[in-house]
Amino acid sequence: MLVGLVSIIGSMGGGVFWSLQDQERLNAAQTSLEPIYQPKVWSDQDRQILRTLQMAGIQAQLDRQIEKIRVDGSAFNAQLSGVNLRGIFAELTNFSAADLSYANLSGAKLRSSTFSGTKLVGAQLVKADLRI
Numbered sequence: 001m002l003v004g005l006v007s008i009i010g011s012m013g014g015g016v017f018w019s020l021q022d023q024e025r026l027n028a029a030q031t032s033l034e035p036i037y038q039p040k041v042w043s044d045q046d047r048q049i050l051r052t053l054q055m056a057g058i059q060a061q062l063d064r065q066i067e068k069i070r071v072d073g074s075a076f077n078a079q080l081s082g083v084n085l086r087g088i089f090a091e092l093t094n095f096s097a098a099d100l101s102y103a104n105l106s107g108a109k110l111r112s113s114t115f116s117g118t119k120l121v122g123a124q125l126v127k128a129d130l131r132i
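Here the sequence shown stands for residues 1 to 132, numbered as in UniProt numbering.
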């Protein structure tokens with residue numbers, strides 16, 4: 001009864017009285033509301049693919065949203081023969097005359113307005129998705 005009266009008087013006066021139990025409940029509620037997000041840890045293979053693309057002059061970045069390497073822009077005349085591009089996600093305005101001979105494109109998703117002249121001889125295309 002006395003505790004209830006003190007808390008009513010305290011709240012009327014603008015002050016707030018917290019018990020240890022209230023603080024524990026608040027801490028538990030804040031902890032449970034924190035987002036459970038584990039950022040993607042990029043593999044050495046992902047980073048190697050990114051470096052290979054950048055060395056070929058292709059703009060690429062590790063995209064956290066789709067957890068793939070995302071490529072934008074043009075791969076015109078890109079020399080990527082024999083490189084491992086497994087699982088890459090690329091939206092390119094121009095993939096013309098690119099050399100992807102013997103490249104590993106397994107699980108890759110490539111979107112382009114044109115693939116004319118692109119060399120795919122011996123390329124691994126298991127579950128690859130190429131769309132023009």
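No residue lacks a Cβ here, since even glycine has one placed at the ideal position from N, Cα and C.
Item	Value
Neighbourhood of residue 129 by C-beta distance below 6 Å, restricted to the same chain and skipping five residues each side	109
Limits of the unbroken alpha helix (DSSP H) element including residue 53	44-55
Rounded separation between residue 168 and residue 56 - CA only	Look at the range of the chain in this structure, 1 to 132, and you will see that residue 168 is not part of it.
Contact under 8 Å by Cβ, residue 117 with residue 97	yes
Same chain only: Cβ atoms within 6 Å of residue 131, ignoring 5 sequence neighbours per side	111
Span of the beta strand (DSSP E) around residue 109	109-112
Status (buried if at least 16 other CB within 10 Å, exposed otherwise) for residue 126	exposed
Rounded C-alpha distance that separates residue 90 from residue 82	17 Å
Distance, residue 100 Cα to residue 114 Cα	14 Å
Beta strand (DSSP E) segment containing residue 128, residue limits	Looking at the DSSP string, residue 128 is not in any beta strand (DSSP E), and its letter there is neither H nor E.
Integer Cβ distance of residue 103 from residue 92, believed to fall under 8 Å	No, residue 103 and residue 92 are not in contact; Cβ-Cβ is about 14 Å, not under 8 Å.
Residue 95, enclosing beta strand (DSSP E) - first and last residue	From DSSP, residue 95 is part of no beta strand (DSSP E); its letter is neither H nor E.
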